[in-house]
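Peer 1:
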Amino acid sequence: MTKIKNWVNHVDLRSFRFWFQLAAFVLLVYGGRLAIDLGNSLPTFSCGYNRENGGVCYLLPLQHQLAQPWSRLFSGMGLAVLTGLGTFVLWFIVINKGWCGYICPLGTIQDWITALRKKMGIRYSTYSDDQFKKLKVIKYVLLLLLIFIPLGIGGQFLSHDLGTPFCKICPGRMIVPMFNGDFSQWVIDFASTERMILTALGMFITGLFLVGSFIKKRFFCFFCPMSALHYIFAKLSPFKLIKDGGKCTRCGDCYRVCDMEIRPIADDVVSVDILKDDCIMCLKCVAACPEEGCLKVNVLGKTVFEATESGFKKRMTPPEE
Amino acid sequence: MSSTGFIAWVGLCLTLVSLGSEGSVGREENSPLWLSGTPPNMEMMKQFSRAHGGMVIRDEERNYSKMLWLRAGDDLKKANYLSDKMGQFYLLDVKSNASQPAPSSADSAHTAIKFKMPDEGYYNAYYMEQNVRDGVRYVDVAKREVLKHNCQLGHDFDVEQHRPQSAKQIPLEVLRLRFDDETYHTRFNSGKNVLFKVLYKGDPVANAAVTISTEEGWSRNSKTDSEGIVSFLVIQDRFKQNEAQEVEKKQYKPKQTEGARKYKKEGKSEHKQAESGGSHGRMRRRSEEFLVTVQYREPSIGEIDGLSYEQSVYTTTFPGHFSPSQSAYKSYAYGLTFGSAGFLVLGIGSYMYRRRRIKPFKEVNLDD
Chain C
1 MTKIKNWVNH VDLRSFRFWF QLAAFVLLVY GGRLAIDLGN SLPTFSCGYN RENGGVCYLL
61 PLQHQLAQPW SRLFSGMGLA VLTGLGTFVL WFIVINKGWC GYICPLGTIQ DWITALRKKM
121 GIRYSTYSDD QFKKLKVIKY VLLLLLIFIP LGIGGQFLSH DLGTPFCKIC PGRMIVPMFN
181 GDFSQWVIDF ASTERMILTA LGMFITGLFL VGSFIKKRFF CFFCPMSALH YIFAKLSPFK
241 LIKDGGKCTR CGDCYRVCDM EIRPIADDVV SVDILKDDCI MCLKCVAACP EEGCLKVNVL
301 GKTVFEATES GFKKRMTPPE E
Chain X
1 MSSTGFIAWV GLCLTLVSLG SEGSVGREEN SPLWLSGTPP NMEMMKQFSR AHGGMVIRDE
61 ERNYSKMLWL RAGDDLKKAN YLSDKMGQFY LLDVKSNASQ PAPSSADSAH TAIKFKMPDE
121 GYYNAYYMEQ NVRDGVRYVD VAKREVLKHN CQLGHDFDVE QHRPQSAKQI PLEVLRLRFD
181 DETYHTRFNS GKNVLFKVLY KGDPVANAAV TISTEEGWSR NSKTDSEGIV SFLVIQDRFK
241 QNEAQEVEKK QYKPKQTEGA RKYKKEGKSE HKQAESGGSH GRMRRRSEEF LVTVQYREPS
301 IGEIDGLSYE QSVYTTTFPG HFSPSQSAYK SYAYGLTFGS AGFLVLGIGS YMYRRRRIKP
361 FKEVNLDD
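Here the protein sequences come in this chain order: C and X. Note that this note's numbering has the first sequence beginning at 1, numbered continuously upward. Note that this note's numbering has the second sequence beginning at 1, numbered continuously upward.
(1) For X/S36, which beta-bridge partners are listed by DSSP?
(2) Any C-beta of chain C within less than 8 Å: which residues of the stretch 156-170 of chain X qualify?
(3) Helix, strand or coil: how does DSSP classify X/I57 here?
(4) Am I right that C/L13 and C/K243 are in contact with their C-beta atoms under 8 Å? What's the rounded C-beta distance?
(5) Below 7 Å between beta carbons is the criterion; list the residues of the stretch 182-214 of chain C that meet it against any residue of chain X, in chain order.
(6) Should X/P118 go down as buried or exposed, given a rule of 16 or more other Cβ atoms within 10 Å for buried?
(7) Between C/V94 and C/L116, what straight-line distance do the alpha-carbon atoms span, to the nearest angstrom?
(8) Should X/V369 go down as buried or exposed, given a rule of 16 or more other Cβ atoms within 10 Å for buried?
(9) Could you check whether the Cβ of X/G121 sits closer than 7 Å to any Cβ belonging to chain C?
(10) Would DSSP call X/G302 helix, strand or coil?
(11) Note down, one range per segment and in chain order, each alpha helix (DSSP H) of at least 4 residues found wholly within the stretch 187-225 of chain C.
(12) Identify which residue in C/I147, C/R123, C/C294, C/F25 has its Cα closest to the Cα of C/A228.
(13) If I measure Cβ to Cβ from X/S350 and keep anything under 6 Å in the same chain, skipping five residues before and after, which residues do I get?
(14) Counting only beta-carbon atoms, is X/Y64 nearer than 7 Å to chain C?
(15) Taking the beta carbon of C/E309 as the centre, do at least 16 other beta carbons fall within 10 Å, making it buried, or is it exposed?
(16) What separation, rounded to the nearest whole angstrom, lies between the Cα atoms of X/Y126 and C/W70?
(17) Between which two residues does the alpha helix (DSSP H) carrying C/F132 extend?
(18) What does X/A341 touch in chain C if you count any residue whose Cβ is under 8 Å from its own?
(19) Is there at least one Cβ from chain C nearer than 7 Å to X/S350's Cβ?
(20) For the stretch 117-139 of chain C, which residues have a beta carbon sitting closer than 9 Å to at least one beta carbon of chain X?
(21) At a cut-off of 6 Å, would you count C/V286 as near the ligand NAP, judging by its Cβ distance to the nearest heavy atom?
(22) To the nearest angstrom, report how far apart C/N9 and C/T317 are at their CA atoms.
(23) Taking Cβ-Cβ distances shorter than 7 Å, what residues in chain C pair up with X/S331?
(24) Report the rounded CA-to-CA distance for X/A274 versus X/M42, giving the unit in angstroms.
(25) Grouping DSSP H, G and I as helix and E and B as strand, with all else coil, what is C/H230?
(26) In this structure, how does DSSP classify C/D111 when only helix, strand and coil are distinguished?
(27) Considering only residues of the same chain and omitting the five flanking positions on each side of C/P105, which have a CB-CB separation below 7 Å?
(28) Counting contacts by CB-CB distance shorter than 7 Å, is X/A260 in contact with chain C?
(29) Is any beta-carbon of chain C found at less than 7 Å from that of X/F179?
(30) Where are the alpha helix (DSSP H) runs, 4 residues long or more, that stay fully inside the stretch 57-126 of chain C, in chain order?
(31) Skipping 5 residues on each side, what residues in its chain have a beta carbon closer than 6 Å to that of X/L92?
(32) Between which residues of its own chain and C/I103 is the CB-CB distance below 6 Å, once the five residues before and five after are set aside?
(33) Of the residues that make up the stretch 32-45 of chain C, which ones have a beta carbon closer than 9 Å to any beta carbon in chain X?
(34) X/F48 CB to nearest chain C CB: under 7 Å?
(35) With distances taken between CB atoms, is the gap from C/A234 to C/L275 smaller than 7 Å?
(36) Whose C-alpha, out of C/V297, C/G54, C/L144, is nearest the C-alpha of C/Q63?
Right, dumping it as structure tokens:
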């Protein structure tokens, strides 16, 4: 048992994560070709517009269901919405926000773009504290819009052409099907004014996504409403990121490796459950922490991965030529 | 009142009555019979709601029921709703279970079939009647294929499970062959090649005369090949908003919406709004009805109700909807323009920002 624990704590997280993300990407982007179907309540951007997907992002059916006429939504249909939400929560709590750091195809694509930037030797950008605080609100605004716009459609206040509004502006709709050679979403839909505006916005955001991901690590994750929805249920998950403030020297290593620039991971020495709303649970902070047991991952109260001095040294030592 | 005045008054009343009934219930000789999914009047239409495969009646448990009306005439806009009860309805459900439902009592003024659609897939409804005139037996078959799909049940379209079906009781069948890339959301868009197969008593019919006609009046004749297959290229048409879409628009987007307020402000009537595309349907949801008619003649001797015949003429119809091509309202060029705009705005913006930040210090020399 101690041997396994040691092996896990000394793991080359970067390599492990790369292969895990690749496997998840193949499963969710090409899974349909292998007759894999994980349902349509996945807590990750497995785009429903990708015909070969191995499961569908929950945001698509959620928006679709909420746009039903109120008479149906607040009767039998309401049960279907609750069932979908329940399935989403059950999937989500398994690995908490690890869905973002290890499984999300759009997140993986952003990591690959970051790797390309690194190879080209171009430095990355960061946000100032003030920018960070302002930008992180956007995902909650998007979450509210993707709930209330469909409700407005169901209540007959808004046009049906505003249906699935977030999907229309999500770069995943354009980017993910592209990996199956499908560029059919790279269009402006002039069928109505609403569709035209949303699809134009979607294409504009796709352009921003490609450049943004190149110069800023996990650029889109700051604005992701799925991340906001995750955080609502994060406390229910038995998969937790724990910090022992007493062991923290505030060296800042964890903050420096954090793709999401979450400052409290270094500054907060009071909170035990250190998971923040922007966290993607990539666990790079745990791998980069040199203090024995300062940061750890607990599942049902049991530590499965923790910071160790020897693990830190092993990871920081360049491989022998 | 003078006799002339009385006759004029009666004439006016009769005219009004005939207009109010939304189409007469008679059938012109040799006009094709077909099954329509459009309700005969506005009152009936209000009971329906939108679903994949056309308008349906949903009960409180969200069970779907479909209703189809028997119409006659190849002018699809003006075809009469019939009240004949001479023939027999047949129904093939998604599992190929056959039944012979009685005409629906939900619309006593017209001949209609109403059936529940509990499972996902294609239902095939038929109406068949036969009669003998001038020594010829006329067998008229009206067929309609209706799809039930619920997005919540997933989108795995099993081509084998959803293959076109034929009923044993129907002598002359028209099957709409599936596209290679068919899904539950496949539409017959302009520019697509749609294939139909004609079967007579289960066997393919070569050289059968097939006519396709559309709501706006276009029609084309063709003949089946040796395998009984005929193909039609779906045309680009005007795609005016139809009556069903107007009602649907009213149900889903009433007058208080922004679009309607705008039109009201601009003094445009509701009719104008519908003409210009309305709000709900617009270009993407517009569709037009088509009717495929197949006729097959065969020398045969027999007798029906004491009337003898020496030849049989079979006529089968198969209606459906087609829609504008997506390229009519979707643009890659504009898509790439907006994508490039986003790319360039952030790309150039970031580059300029970085350049500004690494600009070397420049000494300012003041000339004093």
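All C-beta atoms in this analysis are idealised placements derived from N, C-alpha and C, irrespective of residue type, glycine included.
Peer 2: Considering the structure as presented:
(1) For X/S36, which the question treats as bridged, DSSP gives the partners X/W69.
(2) D156
(3) strand
(4) Contact doesn't hold; Cβ gap of about 17 Å is too wide.
(5) W186, V187, I188, D189, F190, A191, S192, A200, M203, F204, I205, T206, G207, L208, L210, V211, G212
(6) By the C-beta density criterion, X/P118 is exposed, having fewer than 16 other C-beta atoms within 10 angstroms.
(7) 31 Å
(8) Outside the shown range of chain X (1 to 368) lies residue 369 of chain X, about which nothing can therefore be said.
(9) No, X/G121 lies away from the interface with chain C (no Cβ there is under 7 Å from its Cβ).
(10) strand
(11) 193-215
(12) That would be C/I147, whose Cα lies nearest to the Cα of C/A228.
(13) Closer than 6 Å at Cβ, skipping near neighbours: no residue.
(14) no
(15) C/E309 is classed as exposed because its beta carbon has fewer than 16 other beta carbons within 10 Å across all chains shown.
(16) 36 Å
(17) 129-135
(18) F204, G207
(19) yes
(20) R123, S125
(21) With respect to small molecules bound, the structure shown includes none, and the ligand NAP cannot be examined in it.
(22) 15 Å
(23) V187, I188, F190
(24) Caution is warranted here: a pLDDT of 38 is assigned to X/A274, below 50, making its placement in the model unreliable, and the coordinate value is therefore given only provisionally. Roughly 16 Å separates the two Cα atoms.
(25) helix
(26) Note: C/D111 maps to helix in three-state DSSP.
(27) Around C/P105: F25, L28, V29, F45, S46, V176.
(28) In this prediction, X/A260 has a pLDDT of 42, which is less than 50 and means its spatial position is unreliable; what the coordinates show is noted afterwards. It does not; no Cβ of chain C falls within 7 Å.
(29) no
(30) 59-66, 70-73, 76-95, 105-119
(31) A98, N124, Q165, A167
(32) A24, T44
(33) G32, A35, D37, G39, N40
(34) No, X/F48 does not count as interfacial toward chain C.
(35) yes
(36) C/L144
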